[in-house]
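Enquirer: Under the numbering used here, the letters of the sequence shown match residues 193 to 421, in that order.
C-beta atoms are modelled at their ideal positions from N, C-alpha and C, and glycine is treated no differently.
Keep in mind the model is a prediction, meaning the values are calculated, not measured.
There's a structure below that I have some questions on.
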Amino acid sequence: MRKITIAIDGYSSTGKSTIAKQLAKALNYIYVDTGAMYRAVTLYALEKSYVGENENLEGLVQDLPNIHLKFVPNADLGISEMYLNGQNVEKEIRTMRVSGQVSKVATIPEVRHKLVEMQQRMGVEKGIVMDGRDIGTVVFPNAELKIFMTASPEARATRRYKELLDRGEEVTYEAVLENVQKRDYIDSTRETSPLRKADDSIEFDNSDMGLEEQFERILNFAQRVILKK
Ligand code: DC
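Rendered as structure tokens:
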């Protein structure tokens, strides 16, 4: 069966990664969470104080060659985990500390350039499901299937809030909603590859849709494209 490239873009906390992971598993494709890559660069920037109080984005750009990212499969969990310079940072990159700075780091053209190149290399052989903000527009403009996920800010903040509570973070719903809205704004108004729906992508609003239904519908889109000559 022919292998295709599947691009899943959309606003933060729309459940892109959950669906992308399930889809990759069902099709036996590779799954790449590009948000994890921007988050890992942000964690590095926080550790080296390039972001925060005495912001030094130029310093971060100079230091980019020293940032080595790798996805390492975890057989027990059945997923790949993000490693930053040899260290598993899967937990640290999902904290609010990182979420608070990641959109800013993702506006830096040199950061995007480095990560987009890596992403394109990962996808040369197709058979990949990649989720992010610019996958259908910039990374793989020729992807055979493009999905653009949306949901209301409130639905997304509720999901993210529950996730963070489950992980033991002390946050308020209001702070999470504010972060979601702020990231929407920065992600869609930045100059370099802003978040926007590719003309040929399928818009998928899942505000009122359960996971099972979403997965079935999207798997169905994929199967139709794969079987199309
Ligand atoms: O998908 P996520 O919420 O983990 O992504 C974190 C941030 O990274 C998001 O606010 C915007 C940025 N991002 C991006 O600019 N381009 C991508 N392809 C993926 C993420």
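Could you check which residue in Gln254, Asn412, Arg289, Arg409 has the C-alpha nearest to that of Lys306?
Expert: When only C-alpha atoms are compared, the closest one is Gln254.
Enquirer: Skipping 5 residues on each side, what residues in its chain have a beta carbon closer than 7 angstroms to that of Lys195?
Expert: Cβ within range, chain order: Lys318, Gly319.
Enquirer: Quick one, are the C-beta atoms of Pro386 and Ser380 less than 8 angstroms apart?
Expert: Against a cut-off of 8 angstroms, the Cβ pair of Ser380 and Pro386 comes out as a contact.
Enquirer: Would you call Asp358 buried or exposed, if buried means 16 or more other Cβ atoms sit within 10 Å of its Cβ?
Expert: It counts as exposed.
Enquirer: Entirely within the stretch 352–407 and at least 4 residues each: give me those alpha helix (DSSP H) ranges in chain order.
Expert: Listed in chain order, they are 365–381.
Enquirer: Give the DSSP-derived three-state secondary structure of Tyr203 in the structure shown.
Expert: Three-state DSSP puts Tyr203 in coil, outside helix and strand.
Enquirer: State yes or no: is the C-beta of Gly328 nearer than 7 angstroms to some heavy atom of the ligand DC?
Expert: Checking every heavy atom of the ligand DC against the Cβ of Gly328, none is found closer than 7 angstroms.
Enquirer: Counting C-beta neighbours from all protein chains within 10 Å, is the total for Arg416 16 or more, i.e. buried, or is it exposed?
Expert: Exposed: under 16 other Cβ atoms inside 10 Å.
Enquirer: Ignoring anything shorter than 4 residues, give me the alpha helix (DSSP H) runs that lie fully in the stretch 218–292, in order along the chain.
Expert: Qualifying alpha helix (DSSP H) stretches, in chain order: 226–239, 249–255.
Enquirer: Determine the extent of the alpha helix (DSSP H) in which Met310 is found, giving its start and end residues.
Expert: Unbroken alpha helix (DSSP H) run through Met310: 301–314.
Enquirer: Going by DSSP, what residue range makes up the beta strand (DSSP E) through Lys338?
Expert: Element bounds for Lys338: 337–342.
Enquirer: For Ile211, name the three-state secondary structure that DSSP assigns.
Expert: Looking at Ile211 - three-state DSSP - the assignment turns out to be helix.
Enquirer: On the premise that Asn398 lies in contact with Gly207, defined as a C-beta separation below 8 angstroms, what is that separation, rounded to the nearest angstrom?
Expert: Yes, Gly207 and Asn398 are in contact; Cβ-Cβ is about 6 angstroms, under 8 angstroms.
Enquirer: Once the 5 residues before and after Tyr353 are set aside, which same chain residues still bring their CB inside 6 angstroms of it?
Expert: Result list for Tyr353: Tyr365, Val368, in chain order.
Enquirer: Rounded to whole angstroms, what's the CA-CA distance from Lys164 to Thr226? Just pull it up for me.
Expert: With the chain represented from 193 up to 421, any question about residue 164 goes unanswered, as that position is not in the structure.
Enquirer: What did DSSP end up calling Ile196 once you bin it into helix, strand or coil?
Expert: In this structure, Ile196 counts as coil in the three-state DSSP scheme.
Enquirer: Please tell me whether, using a cut-off of 7 angstroms, the distance from the CB of Ser399 to the nearest non-hydrogen atom of the ligand DC is below it.
Expert: It does not: the Cβ of Ser399 is nowhere closer than 7 angstroms to a heavy atom of the ligand DC.
Enquirer: What do you get for Gln312, buried or exposed, if any count of 16 or more other CB atoms within 10 angstroms of its CB means buried?
Expert: By the neighbour-count rule (16 or more Cβ atoms within 10 Å), Gln312 is not buried but exposed.
Enquirer: Taking only three categories from DSSP, how would you classify Glu319?
Expert: The identity of residue 319 in the sequence shown is Gly, whereas the question assumes Glu. Reduced to three states, the DSSP call for Gly319 is coil.
Enquirer: Tell me whether the beta-carbon of Val372 lies closer than 8 angstroms to the beta-carbon of Ala349.
Expert: Taking 8 angstroms as the Cβ cut-off, Val372 and Ala349 qualify as a contacting pair.
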